[in-house]
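Take a look at the structure below.
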Amino acid sequence: MTLRLYDTATREVRDFVPLEEGKAGLYVCGLTVQSEPHVGHVRSGVNFDVLQRWLRHLGYDVSFIRNVTDIDDKILTKAEAQGRPWYAHAAIMKRELDKAYAALNVAPPTYEPAATGHVPEMLELIEMLIAKGHAYAAADGSGDVYFDVRSWQQYGELTHQRIDDMEAAEDADPRGKRDPRDFALWKGWKKESEPETASWPSPWGRGRPGWHIECSAMAGKYLGPAFDIHGGGVDLRFPHHENEQAQSRAAGHPFASYWMHNAWITTAGEKMSKSLGNTLSIPSVLERVRGIELRFYIVSAHYRSHVEFSFEALDEAAVGFRRIESFLERAGDVAVGELPEAFVAAMNDDLGTPAAVAVLFDVVRDGNRADDPSVQAGQVLAMLDVLGLDPADPAWGPGSSNDQQLVEAVDVLVRGLLDQRTQARADKDFAAADAIRDQIKAAGIAITDTPDGPTWALEAGTK
RNA sequence: GGUGGGUUGGCCGAGAGGCGAGGCAACGGACUGCAAAUCCGUGUACACGGGUUCAAAUCCCGUACCCACCUCCA
15 MTLRLYDTAT REVRDFVPLE EGKAGLYVCG LTVQSEPHVG HVRSGVNFDV
65 LQRWLRHLGY DVSFIRNVTD IDDKILTKAE AQGRPWYAHA AIMKRELDKA
115 YAALNVAPPT YEPAATGHVP EMLELIEMLI AKGHAYAAAD GSGDVYFDVR
165 SWQQYGELTH QRIDDMEAAE DADPRGKRDP RDFALWKGWK KESEPETASW
215 PSPWGRGRPG WHIECSAMAG KYLGPAFDIH GGGVDLRFPH HENEQAQSRA
265 AGHPFASYWM HNAWITTAGE KMSKSLGNTL SIPSVLERVR GIELRFYIVS
315 AHYRSHVEFS FEALDEAAVG FRRIESFLER AGDVAVGELP EAFVAAMNDD
365 LGTPAAVAVL FDVVRDGNRA DDPSVQAGQV LAMLDVLGLD PADPAWGPGS
415 SNDQQLVEAV DVLVRGLLDQ RTQARADKDF AAADAIRDQI KAAGIAITDT
465 PDGPTWALEA GTK
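With the numbering used here applied, the first sequence covers 15 to 477.
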């Protein structure tokens, strides 16, 4: 059984055949570090992390490159609004993003190149494009360099559009373009409005990279002229990915074999980037549910399906996930087992995580029914591991030693109370027994009576 | 104007011609001193109108509504 993936370029699910047997090169457009990451932003991080983990599980030697765009218009304007240098602003937001990824157990990529670190590579590519007649320096002396879309006959091939059908940008300030659809490879430095630190020397004077060129340059540098999979959010299909492909192919590089795009998470039917302030920023969502629960919520939907975010649905997902966790707790220590066939089939079918999660629940039920749940628990662990949802993964944070001490302290206190309750029950003094249970419950601790005596755990629903 | 996606039970969310994915909630039952947890059972859902077919949520035609992208966006 082989992995099949939906390829945006061909619009079909097809067998994944790597360029080089046993290896997989993956490039994903990461974020522009311009503001605090929200739920929508991290979806792509989680989705492609699942892809990375699955490829590794299948035995591929994965090179996963996920870039960081650390210079662009928005960064400049937001930094200025906040009164700090653009690079400081980008660095702060980058740290926030790292924290968000860590909180969701998004494993780091092989390498995370930053745009500003690759200006020479971009210049090299731009000069190659000029030499081949696919790019030109603007005639107006602005220092801008544009890609000449009319010179590249296949332009539009990725998104199946013809140049003449595309609407030219409304704001199209022609700025010396030959065609309004030509896009910037290099942006000349605007002395009056932009800091000099946001400019680099080039054959066309000081300036900064256009948005698309960085990915062509970095993908080429780290994965080579041809690589397997290129990913990102749906909105990037056009113009970003179309332009990346045009640049790279015009420069003579075959570029990506497969294109994968994750769908949006919206709120109230609107994209998150447009909507409501910071209520959906990762730190604020994590005040409500744990990172592992948010990740489970994201993984429960297929990566190509649009998700309408709601806190109710998020809470439901969290409740469902706790069922899996409590099964594992009951099962005790078990070794990681084999993946059920149905799970493997689901994952191989274009990362069918919803079907995979259904298998997860089926096995949990089986395990809850069994006298000895260790086989099922082992399978559950294996599945959770692939999905990046193993609660025991140290990546979720070891909990500080302080926490550990607290747990031990609480354990002693609760055990004392539970002993009293057990005695009361033995004496058939149920009023007393229930009073103790209520007292413990009031503290946010649920108790479960088992054949081996009562156990306690923090109550579901309270984070 | 061009390109792409969507509308599934109370809610979330899969599926892509024939056996009721799964979860949450609800109801009944088992277990329990009572609960909790767990298990068992309970649903005749696929926007609307036609058509194809022995068989349609799934294919075809039409309609309605929603969303995304068209050079700043995950």
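All C-beta atoms in this analysis are idealised placements derived from N, C-alpha and C, irrespective of residue type, glycine included.
Where residue 353 falls: helix, strand or coil (DSSP)
coil
Does the distance from the C-beta atom of residue 402 to that of residue 67 stay below 7 Å?
yes
Following the continuous alpha helix (DSSP H) through residue 38, name the residue where it begins and the one where it ends.
Looking at the DSSP string, residue 38 is not in any alpha helix (DSSP H); the run it does join, the beta strand (DSSP E), is 37 to 42.
Given a threshold of 16 other Cβ atoms within 10 Å of its Cβ, counted over all protein chains shown, does residue 177 qualify as buried or as exposed?
exposed
In chain order, what residues of the same chain lie with their CB nearer than 7 Å to the CB of residue 258, ignoring the 5 residues before and after it?
226, 229, 230
Under 7 Å between C-beta atoms of residue 317 and residue 21
Here residue 317 is not near residue 21, since their CB atoms are 7 Å or more apart.
So, are the CB atoms of residue 495 and residue 161 less than 7 Å apart?
Since the first residue shown for the chain is 15 and the last is 477, residue 495 is missing from the structure and cannot be characterised.
Which term fits residue 211, buried or exposed, when burial requires 16 or more other beta carbons within 10 angstroms of its beta carbon?
exposed
Might you give, ordered along the chain, the residues of its own chain that have their beta carbon closer than 8 Å to the beta carbon of residue 102, omitting 5 neighbours on each side?
93
Determine the burial state of residue 184: buried for a count of at least 16 other Cβ atoms within 10 Å of its Cβ, exposed for fewer.
Reliability fails at residue 184, whose pLDDT of 49 lies under 50, so the model's placement of it is uncertain and the value that follows must be treated cautiously. So residue 184 ends up on the exposed side.
For residue 468: DSSP bridge partner residues
463
Which full runs of the beta strand (DSSP E) of 3+ residues lie inside the region 227 to 281, going along the chain?
240 to 247, 269 to 276, 279 to 281
I need the boundaries of the beta strand (DSSP E) containing residue 323, first residue and last residue.
Where residue 323 is concerned, there is no enclosing beta strand (DSSP E), given that its DSSP letter is neither H nor E.
Between residue 451 and residue 429, which are expected to be in contact by the criterion C-beta below 8 Å, what is the C-beta distance as a whole number of angstroms?
So it is not a contact: roughly 14 Å between Cβ atoms.
Between 406, 172, 147, 31, which lies nearest to residue 275 when the distance is taken from Cα to Cα?
172
Taking contact to mean 3 or more Cβ pairs, one atom from each stretch, closer than 8 Å, check whether the region 296 to 304 and the region 75 to 91 are in contact.
With the cut-off at 8 Å, the region 296 to 304 and the region 75 to 91 do not touch.
Which residue or residues does DSSP assign as beta-bridge partners of residue 202?
Residue 202 has 221 as its beta-bridge partners, per DSSP.
Pull the bridge partners of residue 499 from the DSSP assignment, please.
No answer is possible for residue 499: the residues shown for the chain start at 15 and end at 477.
In the DSSP output, which residue or residues are listed as bridge partners for residue 149?
161
Pairs of beta-carbons, one from the region 44 to 57 and one from the region 233 to 244, closer than 8 Å: are there three or more?
With a cut-off of 8 Å, the region 233 to 244 and the region 44 to 57 do not count as touching, because too few Cβ pairs lie within range.
Just to confirm, are residue 30 and residue 40 a CB contact at a threshold of 7 Å?
no
In whole angstroms, what is the alpha-carbon distance linking residue 95 and residue 392?
Separation of residue 95 and residue 392 (C-alpha to C-alpha, rounded to the nearest whole angstrom) is 52 Å.
Taking a contact to mean a Cβ-Cβ separation below 7 Å, would you say residue 216 touches residue 203 in this structure?
no
Between residue 46 and residue 83, is the Cβ-Cβ spacing less than 7 Å?
yes
In the structure shown, what three-state DSSP assignment does residue 184 receive?
At residue 184 the pLDDT is 49, less than 50, meaning the model places this residue with poor confidence and gives no usable figure here.
Count the other CB atoms, across all protein chains shown, that sit within 10 Å of the CB of residue 323; report buried if there are 16 or more and exposed otherwise.
Classification of residue 323: buried, given that the 10 Å Cβ count is 16 or more.
Does the Cβ-Cβ distance between residue 353 and residue 409 come in under 7 Å?
no
Going by DSSP, which residues form a beta bridge with residue 79?
In the DSSP secondary-structure assignment, residue 79 is bridged to 41, 125.
So the candidates are 340, 437, 195; which of them puts its Cα closest to the Cα of residue 375?
Residue 375 has its Cα closest to that of 340, out of 340, 437, 195.
Cut-off 7 Å between Cβ atoms - residues of its own chain near residue 114, not counting five sequence neighbours on either side
51, 56, 296
Own chain, CB closer than 7 Å to residue 117, minus 5 neighbours either side, in chain order:
296, 300, 305
For residue 374, three-class secondary structure by DSSP:
helix
Looking only at DSSP bridge pairs, what is residue 28 linked to?
19
Which residues in the same chain as residue 289 place their Cβ atom closer than 6 Å to its Cβ, once the five residues preceding and following it in sequence are excluded?
Confidence in residue 289 is poor, its pLDDT being 49 and thus under 50, which makes the residue's placement unreliable; the coordinate value appears in the next sentence. Counting only residues of its own chain and dropping the five nearest sequence neighbours on each side, residue 289 has a CB closer than 6 Å to the CB of 281.
Buried/exposed call for residue 3, threshold 16 Cβ in 10 Å
Residue 3 falls outside the range modelled here, since the chain spans only 15 to 477, and no answer is possible.
Give the C-beta separation of residue 64 and residue 313 to the nearest angstrom, bearing in mind that I take them to be a contact with Cβ-Cβ under 8 Å.
6 Å
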